[in-house]
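First residue of the sequence shown? That's 7 in my numbering, and the numbers climb one at a time after it. Backbone N, C-alpha and C fix where the C-beta goes; we use that ideal spot for every residue, glycine too. Here is the structure we will look at, set down as C-alpha cells.
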Amino acid sequence: MNSNNDGSQNMSRRLALTGTALALVVAADAAITRAGAQTKISQAVAKYQDQPKGQQSCAVCANFQPPNACKFVQGTISPNGWCQLFAAKT
Ligand code: SF4
C-alpha cells in the first residue's frame, strides 16, 4: 500500500518536473525568438535604398521575405530596394 502511494507520489513529482522543464524550454524558445527579431539592423546602418543597385535588388536577394520584409533589415522593404547586405539567391 505504501509503496503504491510512494509510486504515485514519485509519478506526480516526475510529471511536475517534466511540466516545469517544458515551461522553461518554451520560455527559452520565446526569448530566443525575441532575440532573433532584435538582431535586425536599421535601414540607415544597412545603407538601404528604395531602388536597385545595378542588377542587384531585394527581389533577387536570399534575405528577402516577400512581400516586403528582410531577414536582417528593419521596416518595410521594397522588392526593388537594395542594401549592402545583399546576397544573391543561389
Ligand atoms: S538587399 Fe538588403 S534589404 Fe534587400 S533583402 Fe537583401 S539584405 Fe534585405
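Not one heavy atom of the ligand SF4 sits closer than 6 Å to the Cβ of residue 66. Per DSSP, the beta-bridge partners of residue 59 are 62.
Spatial neighbours of residue 90 in its own chain (CB-CB distance under 8 Å, excluding positions within 5 residues in sequence) are listed in chain order as 52 and 53. Between the ligand SF4 and residue 69, a heavy atom-to-CB distance of less than 6 Å is present.
When DSSP states are grouped into helix, strand and coil, residue 68 belongs to the coil group.
Residue 92 places its beta carbon less than 7 Å from that of residue 67.
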